[in-house]
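Accompanying notes for the structure given below.
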Amino acid sequence: MSKNLDQFLIAIVAIILFLPFQTIHLFDWDEINFAEAAREMLVTGDYLRIVIDYQPFWEKPPLFIWLQAISMSLFGVNEFAARLPNLVCGVATLLVLYNVGNKLFNRNFGLIWVMAYAGCFLPQLYFMSGIIDPVFNLFIFLAIYYLHKSFMHGLVAKWVSVSGLFIGLAILTKGPVALLIYGLTAIVLYMIKKDKVGTSFSQVIRQGFIFISVVVTVSFLYYGVELIKNGTWFFEEFFNYQIRLLSSGEASHGQPFYYHFVVLLLGCLPASIIMLGAFKRFSNDDENQRAFKQLMIILLIVVLLIFSSVTTKIVHYSSLCYFPITFLAAYYLYQVSFKRAAWSKVISVMVLVFTTIFSLGLMALAVVIMQKDNIAELVQDQFAAANFAADVSVTVFDLIPGLIYLLSAVVGIYLITKQRSRVGIPIMFLGICLAINLSYKTFVPKIELITQRAAIEFYEELQGVDCYVQVLGFKSYAHLFYTKKTIVTNENSRDKEWLLTGDIDKPVYFVCKNVDVDLYRGKYPIEELGSKNGFVFFRRLPN
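In our numbering, the protein residues as written are 1 to 543.
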């Protein structure tokens, strides 16, 4: 089969996997806040300053938000448009993996790597989301790949420049953490390879200057213009926010040191187990292959150490690790497939144990939703218990994704142990890939219905109504996006106390959680409209 046909089939399958076949509301916070920033760009016509609720937003640079704004201008302000950039990124990522694997090894390796990546839960899930990280990770991976090429060719300026281009784009996507990851990886690589690079220290300095020049030039497209136009305010707030992320549990995301190890172990099954077989040297590798494998191990360690050390820990912070994890898994499977390495029985047992646990978790999720009324009686949290009152249906067919997941792992591992890995690998990864995709399309709409849909449907009913909408007692961006809030004309409307007690000029609608309702019910001149699934709705009319 030709390389072009391979790429065509990969792209088609990726589109089928990642294309939404139903509308699922964006999730608060991480999906909605970026989509809201993109929507407000279209409303204001200002594409250089990011705003949320029409106030400056300094937490992220604009590149991903620009992509969402372009998508919304083409397809409307909706969930599909907000998630489309990651769908495109997913297709691009799988094609990049195929081509890099093909260049480093051959076509077979490229295909195994693609299957290993798509056959993991979190990597596939993120391509169907509206968060920044898939685009950010792809840029960094490409920069790391061209770093490898530059080292293998004696720090050729061309590859150094391309590497700098992608880091510049990564900085425009999520900020200077891209340079931190890249810089630490490059330093460790140089310390290991300095005797083999074949270049003088002065040449390293020159190439470093070229790299930084390209990074600064690309970054200037936004940061420079922002500095010239609005002064240093953005930079001060942006870097203060980055420091808070590093030094405190920002937004209640403080977790233990081992948090990301657990996330990657479960979220990247079975690759996270299979990769353990790659941590030894195989004599049949050429220098290029050994060097890239070493670079992937360095990248994995650097990312894990950085994000395990900071106080704020969120699932997607370690998502760049998906690249080295799946590479190492593909590497070991490739060696086994071509009789260059023996398959480990220990890995077989570990894969079967953890995939069984994961598949039982998927099936348990269906059972939990089936028994939600009984479980609600046992839940002590009043809001969570009310969430379970949502009208959601589950049948025995919702157990199928978990069964497919388990069956694919068992059959795949069995065939690999019987030295039929060229059949076992596709069965395992493609079967798990299908199970993950079915799980997403089966359970995510139900989870969204249980956790937030009641509030979002309330906001949608207020689209086009001349009123104020505010949440009480919790942080949210959903009311901004789903009411399609217009430009603020009365600054008093930003003051919750004014909305609750002041001389308002139009109706105000409030949403709070049932656990906080006693803070507002009967204490303010507001009319209770009703409640649903843990959310309580109020209205206040002007005099």
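The C-beta atom is built at its ideal place from N, Cα and C for all residues, glycine as well. These numbers were taken from a predicted model, which means no experiment stands behind them.
Simplified DSSP state of R540, which is helix, strand or coil
strand
Express the C-alpha separation of K523 and I15 in angstroms, rounding to a whole number.
52 Å
For F235, the three-state DSSP class (helix, strand or coil):
helix
Can you tell me which residues form a DSSP beta bridge with F282?
For F282, which the question treats as bridged, DSSP gives no partner whatsoever.
Using 10 angstroms around the beta-carbon of K229, count the other beta-carbons present and answer buried if the total reaches 16, otherwise exposed.
exposed
Tell me which residue opens and which closes the beta strand (DSSP E) that E491 is part of.
From DSSP, E491 is part of no beta strand (DSSP E); its letter is neither H nor E.
Sequence-distant residues of its chain with Cβ nearer than 6 Å to Y207 (five each side left out)
Looking at the sequence shown, residue 207 is not Tyr but Gln. Around Q207: L155, V160.
Taking DSSP's pairing of strands, which residues face L472 in a bridge?
C512
Rounded to the nearest angstrom, what separates V517 and V511 at their Cα positions?
9 Å
I'd like the ranges of any alpha helix (DSSP H) spanning at least 4 consecutive residues and lying wholly in the segment 61-131.
63-75, 79-104, 107-118, 121-126
Assuming Q470 contacts K496 under a Cβ cut-off of 8 Å, what Cβ separation, rounded to an integer in Å, is found between them?
6 Å
Limits of the alpha helix (DSSP H) - the one that K532 falls within:
No alpha helix (DSSP H) contains K532, which is instead part of the beta strand (DSSP E) from 527-532.
Pick from N514, A478, T442: whose alpha carbon is nearest that of I456?
A478
In its own chain, which residues sit with a C-beta less than 6 Å from the C-beta of E448, not counting the 5 before and 5 after it?
I24, H25
Taking L221 as the reference, give the member of Q452, L265, R49 with the closest Cα.
R49
Closest residue to A435 among I375, I205, D28, L406 (Cα-Cα distance)
L406
If you draw a straight line from the C-alpha of V508 to the C-alpha of C467, how long is it?
6 Å
With 16 as the cutoff for other CB atoms within 10 Å, does E226 come out buried or exposed?
buried
Return yes when the Cβ of I52 is within less than 8 Å of the Cβ of E31, no when it is not.
no
Could you check the C-alpha separation between N137 and N543 for me, to the nearest Å?
53 Å
C-beta contact flag for I404 and A329 at 8 Å
no
If you drop the 5 nearest sequence neighbours on each side, which residues of the same chain put their C-beta closer than 6 Å to that of L529?
F537, R539
From the DSSP output, in three-state form, read off Q55 for me.
strand
Per DSSP, cross-strand counterpart(s) of F21:
Partner(s): none; F21 has no beta bridge.
Less than 8 Å separating the beta-carbons of N533 and A390?
yes
By how many angstroms is the C-alpha of L399 removed from the C-alpha of R453?
23 Å
With DSSP collapsed to three states, give me the class of F388.
coil
Examine the Cβ distances between the segment 163-182 and the segment 107-126 and report whether three or more of them are shorter than 8 Å.
no
If I follow the unbroken alpha helix (DSSP H) through K373, where does it start and stop?
Per the sequence shown, the amino acid found at residue 373 is Asp instead of Lys. Residues 372-378.
Where does T589 fall in DSSP's three states?
Residue 589 lies beyond the stretch modelled for the chain, which goes from 1 to 543, so this question has no answer here.
Do the CB positions of H153 and L295 come within less than 8 Å of each other?
no
Report the start-end ranges of each alpha helix (DSSP H) in the segment 431-490 that is 4 residues or longer and not cut off at the edges.
454-461, 478-482
Considering only C-alpha positions, which residue in the set P256, A366, G412, F338 is nearest to V315?
P256
Okay, do the segment 61-69 and the segment 129-143 touch, 3+ Cβ pairs below 8 Å being the bar?
yes
From this set, V114, F8, A69, D46, which residue's C-alpha is nearest Y334's C-alpha?
V114
Contacting residues, own chain, Cβ-Cβ under 6 Å from F323 (five flanking each side not counted)
F141
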